[in-house]
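Peer 1: Line order of the protein sequences matches chains C and B.
Just so you know, we're using our numbering here: the first sequence kicks off at 50 and counts up by one.
Just so you know, we're using our numbering here: the second sequence kicks off at 18 and counts up by one.
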Amino acid sequence: MKKDISEDLGKSGRGALKSFFVKLASIRELTVFAVVLALGFGIALFSPYFLRLNNIMSIVRTLSTTTIMAIGMTMVIITGGIDLSVGSVLGLAGMFTAMSFSHNYPPILCVMLGLSAGLVCGFINGLLITAVNLPPFIATLGTMSICRGLIYVITRGNPLTPALADGYKFIGQGYIGVVPMPVVIMLILVVAFQFCMKQTRFGRYVYALGGNEQASRLSGVKTKRVKLQVYTIAGFLSAIAGVILYARMTSAEAAAGLGEEMNVIAATVIGGASMSGGSGSVIGALIGAVLIGVIKNGMVLLNINSYAQQAVTGIVILLAVGIDMFRQKKD
Amino acid sequence: MEPYLKMVNVSKTFPGVRALRDVSLEVARGEVLALIGENGAGKSTLMKVLTGVYRPDNSPDTKIIIDGFEISIESPTHARSRGISIIYQELATVSNLTVAENIFLAREPLTKLGLIDHKTINRCSRELLDSLNMDINLKSLVGELSLGQQMMVEIAKAISYDAKILVMDEPTASLSYKETVTLMNLIRDMKAKGIGIIYISHRLEEIFEIADRVTILRDGVSVGTLPVAEATKEILVRKMVDRDLLDIFVKNESFTQSEVILKAENIRNIKRKNELGGVQLQNISFELRRGEILGFSGLVGSGRTETMELLFGMHPYKGDIYLSGKKLHMKSPRDAIDAGIGFATEDRKQLGLVLDMTVRENISLPSLESISNMQLVNKTKEREICKRHVDTLSIKTPSTEQATINLSGGNQQKVVLAKWLQLAPRVLIVDEPTRGIDIGAKAEVHSLLTELASKGVAIILVSSELSEILAMSDRIIVLREGAIAGEFTQQEATQDKIIACAFGSGEIIGKAV
Ligand SMILES: Nc1ncnc2c1ncn2[C@@H]1O[C@H](COP(=O)(O)OP(=O)(O)OP(=O)(O)O)[C@@H](O)[C@H]1O
Ligand SMILES: [Mg+2]
């Protein structure tokens with residue numbers, strides 16, 4: 050059985066050392082983490098630059114937006130659903146923020162408008178799935194196209210580059226100590242949502258719903274409401290990623306976040322979420338995103354053809370998930 | 018005669034659980050061996066080892082001998098090719114294929130053009146069903162058949178693989194009385210054909226009726242095998258539980274009139290559950306009082322479960338439901354739970370449990386609000402509560418952190434009960450609460466229900482087991498074809514009256530409604 054780190058570390062404190070390690074090995078997140086370490090070590094052997102602080106910080110800054118979206122995706126996948134619209138929603142949120150700035154609205158309002166765009170998209174996804182009863186794949190495939198189309202209609206494909214307030218740019222470009230601001234935001238969100246999923250009633254309901262929707266409903270879980278909330282949160286988190294990305298790039302591109310849903314889904318499943326629902330964790334999604342980030346960075350450092358990177362990412366997904374399936378079948 | 022199948026010193030360990038320790042058994046052809054034991058004794062696990070689902074622990078003493086050859090069974094397919102088939106309690110038929118297609122699933126004979134040869138399939142299936150005296154239409158979809166008929170199809174399929182040994186794991190748990198009789202006859206036929214049968218059941222009467230020998234498991238150890246002719250119920254029970262047991266529980270203190278808690282007026286479902294099955298209920302009305310146990314009896318398909326589902330807000334309904342005089346407007350089970358109604362469903366795998374979650378998480382699910390501080394779940398309190406239920410119901414599990422999918426069938430059933438006990442509802446509906454539960458635990462569940470009733474909880478008990486309904490209920494309502502066919506007080510009720518009422522044959526005795 051898959052377990053999560055937080056609960057297991059707490060429990061196994063007294064157990065014999067050996068069974069402790071056996072247990073550790075059975076935790077999906079730690080296995081992936083070990084792979085990350087091994088991979089990092091390997092890359093560092095060939096390219097010492099890999100371990101430089103600014104390289105590491107640049108890796109984590111790049112993966113921070115992916116991770117933020119993967120938090121929402123994890124919750125969605127735990128309910129047994131999928132959200133294909135995250136990349137488009139990221140783009141739309143950035144676009145709304147940029148449009149607000151070009152109207153010279155106060156920065157706070159601009160951010161809020163950008164975030165509400167994501168919130169609304171997520172809510173619509175939720176309604177399509179719970180009220181109209183569309184399968185999540187279809188519903189979010191639709192909103193994915195609609196949002197992207199909207200962006201092109203509004204901008205006619207041209208990037209928006211209004212003047213930005215310094216405070217806003219700080220969100221994407223600033224540092225706290227040596228840590229980039231997007232990474233700080235990502236870490237806060239990861240901790241908050243890990244806590245939410247493991248310690249709160251809402252989190253429990255999300256897992257229960259994904260494990261057995263019927264039984265959860267009969268146990269009094271308001272399954273439709275929980276789903277609606279989950280998709281809304283996913284939309285909101287994509288918008289946060291969009292706002293951050295725009296602050297970093299200072300230009301709202303029509304293609305921002307195009308195809309990003311694939312990276313997000315990859316991070317989520319590498320981190321242990323099962324597409325059939327019921328399992329997965331926020332920490333896992335972070336580690337999954339780190340794995341993808343390290344691979345991409347490593348391939349650049351090792352001068353591997355950038356076109357091959359996509360294929361390598363695909364192979365990693367298959368390996369990570371395949372090995373896990375194999376191990377589960379064995380016990 | 019040399020036994021066809023011999024299992025010698027089989028052990029099986031799961032993480033944290035020693036499910037089997039050096040268990041041996043033998044079955045000859047044409048013999049029925051009963052396998053009995055408490056919930057979690059290891060019966061299903063032993064059969065899963067035999068049919069290749071699990072590998073036994075490695076040990077030089079472990080041997081499985083079939084027809085004189087020692088073999089190690091690799092997979093269910095391998096087991097089947099060696100003449101060993103199993104009928105699980107959860108049937109493995111494909112509901113949108115026909116009977117004949119199910120029997121030949123994955124080994125369809127082909128015509129010269131490479132298409133499925135339906136003619137041959139139908140002819141062979143017909144011959145097969147005829148040879149087993151089964152009266153089933155080959156062309157009906159399996160989903161349209163009753164559970165009992167579906168089981169017949171599975172048996173036919175197993176036989177068609179030329180089974181020499183057929184394992185049946187609690188086959189009668191969800192069969193009606195009539196279907197059970199049919200099954201018993203079928204087993205006698207197969208016996209006469211030289212098929213050996215391993216029969217698992219918690220119902221000792223069936224064992225005395227059908228079995229030749231009986232092997233008893235206790236805590237993963239075989240505590241003896243004896244001919245049924247030499248066994249008595251007392252001997253078997255003592256071997257199984259290692260202590261004396263009170264006989265089936267009888268509610269002795271009779272119920273004194275009290276105020277009405279639940280009142281249903283002309284309730285009926287708006288839609289049937291699905292096009293194939295499902296019953297149209299016809300204006301069901303009744304009252305339930307504080308501290309009363311109201312039994313609901315009737316044949317499978319008479320609308321008992323459907324009625325309960327309406328009372329629990331699972332489907333839209335017509336008519337009125339009142340709780341303590343207040344009309345309820347239930348749109349979902351949540352509304353029913355908030356009003357104080359609990360419903361322990363009969364189908365534990367699909368409706369009762371989130372199988373991948375732990376015992377703790379399942380027990381607390383309906384009452385999570387009361388175990389939380391705002392949103393925050395109080396896990397210490399949650400653990401304590403679950404420990405208490407695990408102890409009182411003697412749920413056999415290494416810890417409250419075990420995923421329920423790893424529990425034995427009977428123990429899963431107890432977890433379902435525990436989650437509703439924890440909610441402490443004012444009205445508790447229990448649908449087949451003792452299905453698959455061993456006799457010891459059954460007595461415990463019965464006394465638990467009585468205790469709840471004496472504390473003022475109003476209980477609706479749905480059960481196909483007449484003796485249970487008769488022993489436990491203060492009042493019994495019999496349903497037939499979606500309508501109330503009769504109502505009896507505890508004094509009036511007898512087995513014959515209820516059966517007559519349920520079948521609608523003969524005159525309806527008692528206070529017909
Ligand atoms: N896959 C598994 N992982 C861990 N423990 C298991 C697993 N399968 C069974 N067990 C444990 O092994 C023991 C024997 O279980 P088994 O299902 O064989 O009992 P049983 O005799 O069939 O009981 P019942 O009458 O309730 O069906 C139980 O304690 C159960 O919890
Ligand atoms: Mg069993």
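For glycine and all other residues, C-beta sits at the position ideal for the given N, C-alpha and C.
Note that the structure is predicted; figures quoted are calculated from it, not measured.
How about M374 of chain B: is its C-beta nearer than 8 Å to some C-beta of chain C?
Peer 2: One-based indexing of the second sequence puts residue 374 of chain B at position 357. So, interface residue.
Peer 1: Quick one: measure Cβ to Cβ for S137 of chain C and R197 of chain C, integer angstroms, because I've assumed they're closer than 8 Å.
Peer 2: On the first sequence, position 88 is the one that residue 137 of chain C refers to. On the first sequence, position 148 is the one that residue 197 of chain C refers to. 4 Å between Cβ atoms; contact.
Peer 1: Should H346 of chain B be labelled buried (16 or more other beta-carbon atoms within 10 Å of its own) or exposed?
Peer 2: Mapped onto the second sequence, residue 346 of chain B falls at position 329. Exposed, because fewer than 16 other Cβ atoms sit within 10 Å of the Cβ of H346 of chain B.
Peer 1: Taking DSSP as the reference, what is the three-state secondary structure of V231 of chain B?
Peer 2: Residue 231 of chain B sits at position 214 when you count from the first residue of the second sequence. Residue state, collapsed to three classes: strand.
Peer 1: Can you find the residues in the same chain that come closer than 6 Å, C-beta to C-beta, to P185 of chain C, ignoring five residues on each side of it along the sequence?
Peer 2: Translated into the one-based positions of the first sequence, residue 185 of chain C becomes position 136. For P185 of chain C, where only same-chain residues beyond five positions count, the Cβ hits under 6 Å are G130, I131 and I178.
Peer 1: Give me the Cα-Cα distance between L466 of chain B and I486 of chain B, rounded to the nearest whole angstrom.
Peer 2: Locating residue 466 of chain B in the second sequence gives position 449, where the first residue counts as 1. Locating residue 486 of chain B in the second sequence gives position 469, where the first residue counts as 1. Between L466 of chain B and I486 of chain B, the C-alpha separation is close to 12 Å.
Peer 1: Cβ of A58 of chain B within 7 Å of any heavy atom in ligand 1?
Peer 2: As a first step, residue 58 of chain B is located in the second sequence; it is residue number 41 there, counting from the start. Yes, since a heavy atom of ligand 1 falls inside the 7 Å radius drawn around the Cβ of A58 of chain B.
Peer 1: Quick one: does L367 of chain C have its CB under 8 Å from some CB of chain B?
Peer 2: Here the question's residue 367 of chain C lines up with position 318 in the first sequence. Taking Cβ atoms only, chain B never reaches closer than 8 Å to L367 of chain C, which makes this a no.
Peer 1: Closest Cβ-Cβ distance between Q263 of chain C and chain B: below 8 Å?
Peer 2: Taking the first residue of the first sequence as 1, we reach residue 263 of chain C at position 214. So yes, Q263 of chain C belongs to the interface.
Peer 1: Using beta-carbon positions only, say whether T128 of chain C and V394 of chain B come within less than 8 Å of one another.
Peer 2: Residue mapping note: residue 128 of chain C aligns to position 79 of the first sequence, counting from 1. Residue mapping note: residue 394 of chain B aligns to position 377 of the second sequence, counting from 1. Not closer than 8 Å, so no.
Peer 1: Answer yes or no: the CB of G237 of chain B versus the heavy atoms of ligand 3, is any distance below 7 Å?
Peer 2: Inclusion of ligand 3 in the displayed structure is not the case, the ligand content consisting of ligand 1 and ligand 2 alone.
Peer 1: As a quick exercise: from B:I233, B:A361, B:N390 and B:M391, pick the residue whose alpha carbon is nearest that of I380 of chain B.
Peer 2: Here residue 380 of chain B refers to the residue found at position 363 when the second sequence is read from its first residue. Out of B:I233, B:A361, B:N390 and B:M391, B:A361 has the C-alpha closest to the C-alpha of I380 of chain B.
Peer 1: Could you name the residues that DSSP lists as bridge partners for D225 of chain C?
Peer 2: For this step, residue 225 of chain C is matched to residue 176 along the first sequence. Contrary to the premise, residue 225 of chain C reads as Ile rather than Asp in this sequence. C:V228, per the DSSP bridge assignment.
Peer 1: Can you check whether the CB of V277 of chain B is closer than 8 Å to the CB of R38 of chain B?
Peer 2: As a first step, residue 38 of chain B is located in the second sequence; it is residue number 21 there, counting from the start. As a first step, residue 277 of chain B is located in the second sequence; it is residue number 260 there, counting from the start. No; because the gap between Cβ atoms is not below 8 Å, this pair is not in contact.
Peer 1: Tell me, to the nearest whole angstrom, how far the beta carbon of Y339 of chain B is from that of I182 of chain B; I am working on the premise that it is less than 8 Å.
Peer 2: One-based indexing of the second sequence puts residue 339 of chain B at position 322. One-based indexing of the second sequence puts residue 182 of chain B at position 165. That pair is no contact at about 55 Å.
Peer 1: Give me the Cα-Cα distance between N283 of chain B and N139 of chain B, rounded to the nearest whole angstrom.
Peer 2: Indexing the second sequence from 1 puts residue 283 of chain B at position 266. Indexing the second sequence from 1 puts residue 139 of chain B at position 122. Taking the straight line joining both Cα atoms gives about 46 Å.
Peer 1: Assuming D229 of chain B and L50 of chain B are in contact, meaning their beta carbons sit under 8 Å apart, how far apart are those beta carbons, in whole angstroms?
Peer 2: Counting from 1 along the second sequence, the entry for residue 229 of chain B is found at position 212. Counting from 1 along the second sequence, the entry for residue 50 of chain B is found at position 33. Right, the Cβ-Cβ distance comes to about 7 Å (below 8 Å), so this counts as a contact.
Peer 1: On the three-pair Cβ rule with 8 Å, is the region 245 to 260 of chain C touching the region 148 to 157 of chain C?
Peer 2: No, the region 245 to 260 of chain C does not touch the region 148 to 157 of chain C.
Peer 1: Give a single yes or no on whether D364 of chain B has its beta carbon closer than 7 Å to a heavy atom of ligand 1.
Peer 2: Position 347 of the second sequence, counting from 1, holds the residue named residue 364 of chain B. D364 of chain B Cβ: outside cutoff for every heavy atom of ligand 1.
Peer 1: Run the CB neighbour count on M374 of chain C, radius 10 Å, all protein chains shown included, and call it buried at 16 or more, exposed below.
Peer 2: Within the first sequence, numbered from 1, the residue matching residue 374 of chain C stands at position 325. Exposed: under 16 other Cβ atoms inside 10 Å.
Peer 1: Note down the Cα distance separating A119 of chain C from K247 of chain C, rounded to an integer number of angstroms.
Peer 2: Here residue 119 of chain C refers to the residue found at position 70 when the first sequence is read from its first residue. Here residue 247 of chain C refers to the residue found at position 198 when the first sequence is read from its first residue. Roughly 17 Å separates the two Cα atoms.
Peer 1: Could you tell me whether any non-hydrogen atom of ligand 1 is closer than 7 Å to the CB of F244 of chain C?
Peer 2: Within the first sequence, the letter at position 195 stands for residue 244 of chain C. No, the beta carbon of F244 of chain C sits no closer than 7 Å to any heavy atom of ligand 1.
Peer 1: Taking a cut of 8 Å between CB atoms, which residues from the region 322 to 354 of chain C lie near chain E?
Peer 2: You won't find chain E in this structure, because its protein chains are C and B.
Peer 1: Less than 8 Å separating the beta-carbons of I494 of chain B and E504 of chain B?
Peer 2: Indexing the second sequence from 1 puts residue 494 of chain B at position 477. Indexing the second sequence from 1 puts residue 504 of chain B at position 487. Their beta carbons are under 8 Å apart, which means I494 of chain B touches E504 of chain B by this criterion.
Peer 1: With I493 of chain B as the anchor, note down where its beta strand (DSSP E) starts and where it stops.
Peer 2: Translated into positions along the second sequence, residue 493 of chain B becomes position 476. Unbroken beta strand (DSSP E) run through I493 of chain B: R492 to R497.
Peer 1: What are the boundary residues of the alpha helix (DSSP H) that M257 of chain B is part of?
Peer 2: By 1-based counting over the second sequence, the position of residue 257 of chain B is 240. Looking at the DSSP string, the run of the alpha helix (DSSP H) that includes M257 of chain B is K250 to V258.
Peer 1: Can you check whether the C-beta of F251 of chain C is within less than 8 Å of a C-beta belonging to chain B?
Peer 2: Numbered from 1 along the first sequence, position 202 holds the residue referred to as residue 251 of chain C. Yes, because at least one Cβ of chain B sits closer than 8 Å to the Cβ of F251 of chain C.
Peer 1: State whether the region 53 to 73 of chain B contacts the region 148 to 158 of chain B, with contact taken as three or more CB pairs (one from each stretch) at a distance under 8 Å.
Peer 2: Counting Cβ pairs under 8 Å, fewer than three are found: no touch.
Peer 1: Would you check whether ligand 2 has a heavy atom nearer than 7 Å to the C-beta of D186 of chain B?
Peer 2: Residue numbering aside, residue 186 of chain B sits at position 169 when the second sequence is read from its first letter. Yes, since a heavy atom of ligand 2 falls inside the 7 Å radius drawn around the Cβ of D186 of chain B.
Peer 1: What in chain B is Cβ-close to A257 of chain C, meaning under 8 Å?
Peer 2: Along the first sequence, one-based indexing puts residue 257 of chain C at 208. Going along chain B in sequence order, the residues near A257 of chain C (Cβ under 8 Å) are V371, M374, E378 and L382.
Peer 1: Report all residues from its chain with a CB closer than 8 Å to the CB of R400 of chain B; omit the five preceding and five following residues, and keep chain order.
Peer 2: Start at 1 with the first residue of the second sequence, and residue 400 of chain B comes out as number 383. Cβ neighbours of R400 of chain B beyond the five flanking positions: R377 and T417.
Peer 1: Around the Cβ of T273 of chain B, are there at least 16 other Cβ atoms within 10 angstroms (buried) or fewer (exposed)?
Peer 2: Here residue 273 of chain B corresponds to residue number 256 of the second sequence, with the count starting at 1. By the neighbour-count rule (16 or more Cβ atoms within 10 Å), T273 of chain B is not buried but exposed.
Peer 1: Would the beta-carbon of K60 of chain B fall within 8 Å of that of V25 of chain B?
Peer 2: Here the question's residue 60 of chain B lines up with position 43 in the second sequence. Here the question's residue 25 of chain B lines up with position 8 in the second sequence. Cβ distance not < 8 Å, so K60 of chain B and V25 of chain B don't count as in contact.
Peer 1: Given a limit of 8 Å on CB to CB distance, which residues of the region 426 to 439 of chain B reach chain C?
Peer 2: Those would be K436, in chain order.
Peer 1: Please decide whether Q248 of chain C counts as near chain B, where near means a Cβ-Cβ distance under 8 Å.
Peer 2: Translated into the one-based positions of the first sequence, residue 248 of chain C becomes position 199. Yes, its Cβ sits closer than 8 Å to a Cβ of chain B.
Peer 1: Just to confirm, does G426 of chain B get its C-beta within under 7 Å of one of the non-hydrogen atoms of ligand 1?
Peer 2: Position 409 of the second sequence, counted from the first residue, corresponds to residue 426 of chain B. It does: the Cβ of G426 of chain B is within 7 Å (strictly closer) of some heavy atom of ligand 1.
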